[in-house]
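Structure first, then comments.
In this note's numbering, the protein residues as written are 507 to 956.
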């Protein structure tokens with residue numbers, strides 16, 4: 507969905523007019539690269555996005571290795587060769603979080619993480635490397651404002667502002683000014699919707715229901731207890747700090763969506779793999795290159811049961827939702843002939859894969875009605891006025907665009923407002939459409955005769 511929003515931005519779209527997205531524009535800037543590449547080579551967003559992400563994983567691992575190699579030379583008893591394969595593992599196996607904002611952020615900040623570790627050991631790196639790693643990290647942290655929480659927690663631990671930190675902070679300031687100048691609608695039109703209707707809809711206790719956070723806290727507790735037996739190490743300290751920081755990020759977002767927890771799970775993984783690796787090699791008083799492979803297999807097979815489905819333990823609900831909605835939408839729409847345009851009335855992005863798989867055009871003004879559930883929940887005069895405004899917007903938009911297919915989520919209408927109900931839309935202006943499928947929460951209507 508965000509790649510399609512990025513396409514609108516490239517076509518001159520503005521927040522609050524053509525773009526109704528809760529994310530600030532950094533992720534749209536990033537997705538603009540595979541969007542443009544798809545146009546240049548005449549392929550789909552899916553292909554260029556995957557190639558784009560894998561290329562950045564390679565770049566991230568290469569840059570991370572520059573610091574890891576120097577850090578390993580500081581280790582008197584063991585080598586830190588475990589860090590590179592472990593990092594590759596977490597970047598290559600994000601499950602359904604692949605190419606999500608959290609996944610891209612993690613790819614971009616890993617060279618900076620290892621650069622920070624190197625500075626803790628007094629290791630100096632080349633200025634060009636520092637600049638590139640800091641620029642990448644600045645972009646990564648700017649994807650979501652929440653991502654700066656672990657960054658600032660680490661600064662408190664480091665108690666020193668280095669040149670790479672200054673670059674990240676400077677980029678943040680420039681990025682903020684960029685939004686103010688070029689996308690002021692994000693502050694004036696989108697953020698009010700976020701604070702009035704999006705966050706109030708969620709409850710913090712929902713976040714604690716995810717099995718992934720329990721796994722993360724268990725590992726951090728074991729790490730804390732280990733201080734009494736083996737002296738803590740700077741490498742593990744950094745992993746633990748970022749794991750704690752991203753747990754805070756997850757809780758503050760007040761949802762149990764698994765991809766929000768992916769960065770915390772990733773750093774917890776690095777922590778547990780590094781701890782096991784170090785404890786084993788300290789006990790053996792020797793370093794074995796093959797040990798990194800053994801530790802990863804041990805952790806995946808004995809602690810995580812299934813390495814391939816590792817991150818699905820925090821995405822099981824999302825995977826279930828994909829199977830119930832996204833694939834069924836594709837299946838039903840693929841049976842229709844002469845379908846070129848589709849209009850989505852939904853408060854989730856699950857219909858969007860159908861656009862790319864079936865080469866359709868989404869014609870709705872608002873890409874995802876993420877603020878509607880909270881708008882219904884408020885029950886005050888302003889929320890009622892906003893509902894009326896968006897009702898008129900949707901009616902006019904559908905009458906103007908005349909889409910071939912309309913996909914409606916009945917979760918979009920949880921309230922009792924008779925002027926903004928599913929029945930209102932069906933009775934007043936979807937009379938020319940024929941219902942072709944209904945399942946779970948979604949109803950598909952078509953005016954195309956197959």
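Don't be surprised by glycine CBs; every beta carbon is placed ideally from N, CA and C.
Rounded to the nearest angstrom, the gap between the Cα atoms of residue 520 and residue 661 is 35 Å. Rounded to the nearest whole angstrom, the CA to CA distance from residue 589 to residue 834 is 41 Å. In this chain, residue 757 is not harboured by any beta strand (DSSP E); it is covered by the alpha helix (DSSP H) spanning 740–758. For residue 902, the number of other beta carbons within 10 angstroms of its own is below 16, and it is reported as exposed. Pairing residue 522 with residue 691 gives a Cβ-Cβ distance under 9 Å. The three-state secondary structure of residue 574, taken from DSSP, is helix.
DSSP, read as helix, strand or coil, puts residue 941 in strand.
In the DSSP assignment, residue 901 falls within the unbroken alpha helix (DSSP H) covering 887–907.
Between residue 647 and residue 874, the alpha-carbon positions lie close to 24 Å from each other.
Of 650, 732, 598, the smallest CA-CA separation from residue 535 is found for 650. Straight across, the Cα-Cα distance linking residue 575 with residue 567 is about 12 Å.
Beta-bridge analysis with DSSP links residue 910 to no other residue.
In chain order, 554 place their CB closer than 6 Å to the CB of residue 543, counting only its own chain and leaving out the 5 sequence neighbours on each side.
Separation of the CB atoms of residue 653 and residue 755 is rounded to 7 Å, and the pair is thereby assigned contact status at 8 Å.
With contacts defined as CB atoms closer than 9 Å, residue 621 and residue 573 qualify as a contacting pair. For residue 709, the closest alpha carbon among the candidates 909, 762, 900 is that of 762. The distance from the Cβ of residue 855 to that of residue 836 is about 14 Å, inconsistent with a contact at the 8 Å cut-off. 9 Å or more divides the Cβ of residue 643 from the Cβ of residue 776. For residue 851, the enclosing beta strand (DSSP E) covers residues 847–851. For residue 677, the closest of 532, 769, 508 by C-alpha to C-alpha distance is 532.
The straight-line gap separating the alpha-carbon atoms of residue 689 and residue 699 is approximately 16 Å.
Cα atoms of residue 941 and residue 557: separation of roughly 38 Å, rounded to the nearest angstrom.
Spanning the alpha carbons of residue 891 and residue 898 requires a straight line of approximately 11 Å. Our two residues, residue 515 and residue 727, have alpha carbons roughly 44 Å apart in a direct line.
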